[in-house]
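Taking it in order: structure first as structure tokens, then the write-up.
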Amino acid sequence: MREIAADVLVVGGGPAGLSAAAEAAAAGAGVVVAEAGLHLGGQLVKQSHKFFGSRDEYAGTRGFEIAKILKDEIARHGDRVQILLGTTVCGYYGDEGVVTAMTGEEEYFRIIPKRMIVASGAQERLIPFPNNDIPGVYGAGAVQTLMNVYGVVPGKRVLMIGAGNIGLIVSYQLLQAGVEVAAILEAAPRVGGYWVHAAKARRLGVPILLRHSIKRALGGEAVTGAEIIELDEKFNQVGAPEEIECDTICLAVGLTPTSELLWQAGCRMKYVPALCGHVPLRDALMRTSNENVWMAGDVSGIEEASAAMIEGRIAGVCAAESLGLKAGAKKLDGFWERLGNLRAGETGEKIRAGVAAVTVAGWEGEAV
Amino acid sequence: MKDIASFESGVLSEVRPGVSRPPKELWRKRKGGLVVVECPQRIPCNPCHTSCPTGAIVKFEDINDVPAVDYAKCTGCALCVAKCPGLACFVIDIACGDGTALMKLPYEMLPLPERGGVVKCLGRTGEVVCDGEVKAVAEPHRDRTMVVHVAVPEDKVGDIRAIRVV
Ligand SMILES: Cc1cc2nc3c(=O)[nH]c(=O)nc-3n(C[C@H](O)[C@H](O)[C@H](O)COP(=O)(O)OP(=O)(O)OC[C@H]3O[C@@H](n4cnc5c(N)ncnc54)[C@H](O)[C@@H]3O)c2cc1C
Chain A
2 MREIAADVLV VGGGPAGLSA AAEAAAAGAG VVVAEAGLHL GGQLVKQSHK
52 FFGSRDEYAG TRGFEIAKIL KDEIARHGDR VQILLGTTVC GYYGDEGVVT
102 AMTGEEEYFR IIPKRMIVAS GAQERLIPFP NNDIPGVYGA GAVQTLMNVY
152 GVVPGKRVLM IGAGNIGLIV SYQLLQAGVE VAAILEAAPR VGGYWVHAAK
202 ARRLGVPILL RHSIKRALGG EAVTGAEIIE LDEKFNQVGA PEEIECDTIC
252 LAVGLTPTSE LLWQAGCRMK YVPALCGHVP LRDALMRTSN ENVWMAGDVS
302 GIEEASAAMI EGRIAGVCAA ESLGLKAGAK KLDGFWERLG NLRAGETGEK
352 IRAGVAAVTV AGWEGEAV
Chain B
2 MKDIASFESG VLSEVRPGVS RPPKELWRKR KGGLVVVECP QRIPCNPCHT
52 SCPTGAIVKF EDINDVPAVD YAKCTGCALC VAKCPGLACF VIDIACGDGT
102 ALMKLPYEML PLPERGGVVK CLGRTGEVVC DGEVKAVAEP HRDRTMVVHV
152 AVPEDKVGDI RAIRVV
């Protein structure tokens, strides 16, 4: 079986993984980036809107442009970074120090990394309702991939479920693609995403129904509509359901960390609702309880690309330093400060609490 | 469908922190217009400030602050209009004094409006407020966010926040 050696293996080529790879390579490490998808950039390649955040994290720049900036940064390190596209890391055999991976459906091989940074991002949640398996029911990520990566619209009239940032932004992108958005439903009494994103969709005529949810999808061979229902403060259904005509139902009801590899690596995990699922305990260096494994980005808790990139840089610097390379640990103070600033406000409250619940001062007496 | 146009659902109905309106007297005089900002939620975001060439959008102490405007410094250049990821900045010029105003609105849809054409001006819930005449279509940052200059009745500038090309 083919075998590839690496100082640092980065799992996932999204903003977190690319940032980690750039820092580790800058320090002189030989880096392998394995990315399951066909392009680098992770979620970024689908984001045609301008990003929030600070200029340090490319705010005001469209997501896919940020992916290009990161790719250019990696390219400057030449051969020190080897990119494996279409490659899924699937197994971790800690005792032998072996990681296994698949490229496409044919090639199964081994990677022998000295350190591993897991930046595998997140996956979408779905909600159960009758008929949610008929064609026309999509996750928001799928809708974005169809439209913004492949240039295909999912339908003519979409009902969006969820008014978090993803639901709001994908609604706006649907409008940009010329698709009608029948309404955005939100179970909570206020939009969960940024208010300005809601206002953008609103002023283009999209209704946002608070305290509403979907009861069932309508249609036989494909979606022809949906039954929606009002909710009270306790999220009980009230009143009579109402029918909305649509050919697409798009679910934007949250993400959960893609943490399988971290489980396999024996990292101590904790269920933290504020971070949207099971996430690894970590120290300030983004190291897990497995001393050879780091993490960065959404896999460490669902947050934003801005934070994912900084976490990636921290993990990249620290993984390289742990190999005895001079990665510039001095940079860390700057990274922590930027991360602290991003999380400082009200919208960061949940993240701050979540991160506090899984951050350890050190691993003595902590590691299993 | 029970659609309530509440603040909680993204519709502004009153001035609150993060909503900046120019002082009337200066507004009447300033050719080129002054910025109106509608960003009433503390979020970690500051490109309006970093894109402002004159410091009119005041430096953020904390990146989560809502924007504040120093109107003495605003030139109505509309660089923030084109940069704000939330499309929450609008420049409004009421100096003409003949009952019409010029609005510089962000636009990221297709088709693009044409200079001299007539567009529908939309309010905060997408309702048609009136027609407007397109005076110019600019792309300040060459990044596909257009800034469309539309002539509208002055008494409608508080309601209009978007356009639709028909
Ligand atoms: C609609 C939408 C709008 C957003 N808007 C903003 C915004 O304005 N500002 C902002 O800061 N953030 C925004 N975000 C969030 C941002 O996109 C994510 O937080 C960010 O992409 C997370 O980065 P990541 O690198 O951790 O994960 P991802 O970008 O998800 O990348 C993870 C990568 O890992 C790969 N992978 C997973 N498992 C494996 C494996 N086993 N082997 C190999 N590869 C694997 C995946 O294919 C993927 O490419 C938005 C997200 C969405 C969906």
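First to last, the sequence lines map onto chains A and B.
My numbering runs 1 ahead of the 1-based position in the first sequence.
My numbering runs 1 ahead of the 1-based position in the second sequence.
Just so you know, even glycine gets a beta-carbon here, dropped at the ideal spot from N, CA and C.
Here the structure is a predicted model, which is why all the values come from computation and not from measurement.
Can you list, in chain order, the residues of its chain with a C-beta nearer than 7 Å to that of residue i? Leave out the 5 residues immediately preceding and following it.
i                     : result
residue 33 of chain B : 76, 77 and 94
residue 39 of chain B : 13, 20 and 89
residue 45 of chain A : 15, 16, 64, 65, 67, 68 and 306
Within the same chain, show all residues whose beta-carbon is closer than 6 Å to that of residue i, passing over the 5 residues directly before and after it, in chain order.
i                      : result
residue 286 of chain A : 319
residue 121 of chain B : 129, 165 and 167
residue 44 of chain B  : none
residue 175 of chain A : 159 and 182
residue 213 of chain A : 186, 229 and 231
residue 132 of chain B : 119
residue 53 of chain B  : 81
Applying the criterion that 16 or more other CB atoms from any shown protein chain within 10 Å of the CB defines a buried residue, is residue i buried or exposed?
i                      : result
residue 52 of chain A  : buried
residue 118 of chain A : buried
residue 99 of chain B  : exposed
residue 47 of chain B  : buried
residue 84 of chain B  : buried
residue 108 of chain B : buried
residue 58 of chain A  : buried
residue 1 of chain A   : Any question about residue 1 of chain A goes unanswered here, given that chain A covers just 2 to 369.
residue 9 of chain A   : buried
residue 16 of chain B  : exposed
residue 360 of chain A : exposed
residue 143 of chain B : exposed
residue 273 of chain A : buried
residue 27 of chain B  : exposed
Kindly give me the distance between the Cβ atoms of residue i and residue j, rounded to whole angstroms, as I take these residues to be in contact under 8 Å.
i                      : j                      : result
residue 98 of chain A  : residue 87 of chain A  : Not really, about 24 Å apart at Cβ, beyond 8 Å.
residue 72 of chain A  : residue 145 of chain A : Incorrect: roughly 19 Å between the Cβ atoms, too far for contact.
residue 187 of chain A : residue 167 of chain A : With a Cβ gap of about 12 Å, residue 187 of chain A and residue 167 of chain A do not count as contacting.
residue 151 of chain B : residue 106 of chain B : 6 Å
residue 11 of chain B  : residue 196 of chain A : 6 Å
Quick one: does residue i have its CB under 8 Å from some CB of chain B?
i                      : result
residue 368 of chain A : Annotation note: pLDDT 48 at residue 368 of chain A (below 50); position unreliable, coordinate value reported separately. No, its Cβ sits nowhere closer than 8 Å to a Cβ of chain B.
residue 71 of chain A  : no
residue 201 of chain A : yes
residue 208 of chain A : yes
residue 337 of chain A : no
residue 342 of chain A : yes
residue 52 of chain A  : yes
residue 301 of chain A : no
residue 184 of chain A : yes
residue 197 of chain A : yes
Check for me: the beta strand (DSSP E) holding residue i runs from which residue to which?
i                      : result
residue 39 of chain B  : 35–39
residue 165 of chain B : 163–165
residue 137 of chain B : 129–139
residue 16 of chain A  : Unbroken run through residue 16 of chain A is the alpha helix (DSSP H), 16–27; no beta strand (DSSP E).
residue 91 of chain A  : 88–94
residue 97 of chain A  : Unbroken run through residue 97 of chain A: none, as it is neither H nor E.
In terms of residue numbering, what span does the alpha helix (DSSP H) encompassing residue i cover?
i                      : result
residue 264 of chain A : 261–265
residue 64 of chain A  : 64–76
residue 350 of chain A : 350–359
residue 333 of chain A : 332–343
residue 122 of chain B : Element bounds for residue 122 of chain B: not the alpha helix (DSSP H) but the beta strand (DSSP E), 119–123.
residue 1 of chain B   : Missing from the structure shown is residue 1 of chain B; chain B here goes from 2 to 167 and no further.
residue 197 of chain A : 196–203
residue 173 of chain A : 166–177
residue 318 of chain A : 306–323
residue 271 of chain A : Segment 270–273 is the beta strand (DSSP E) holding residue 271 of chain A; no alpha helix (DSSP H) there.
residue 144 of chain A : 141–145
residue 50 of chain B  : 48–51
Return no unless some Cβ of chain A is closer than 8 Å to the Cβ of residue i.
i                      : result
residue 55 of chain B  : no
residue 87 of chain B  : yes
residue 109 of chain B : yes
residue 76 of chain B  : no
residue 26 of chain B  : no
residue 13 of chain B  : yes
residue 127 of chain B : yes
residue 123 of chain B : yes
residue 64 of chain B  : yes
residue 45 of chain B  : yes
I'd like the list of long-range same chain contacts for residue i, defined as Cβ closer than 8 Å, with 5 residues on each side in sequence excluded.
i                      : result
residue 237 of chain A : none
residue 369 of chain A : Note that residue 369 of chain A scores a pLDDT of 46, beneath 50, so its modelled location is shaky; the value from the coordinates is reported in the next line. Same-chain partners within the cutoff: 267, 269 and 290.
residue 149 of chain A : 46, 47, 48, 49, 65 and 174
residue 61 of chain A  : 51 and 52
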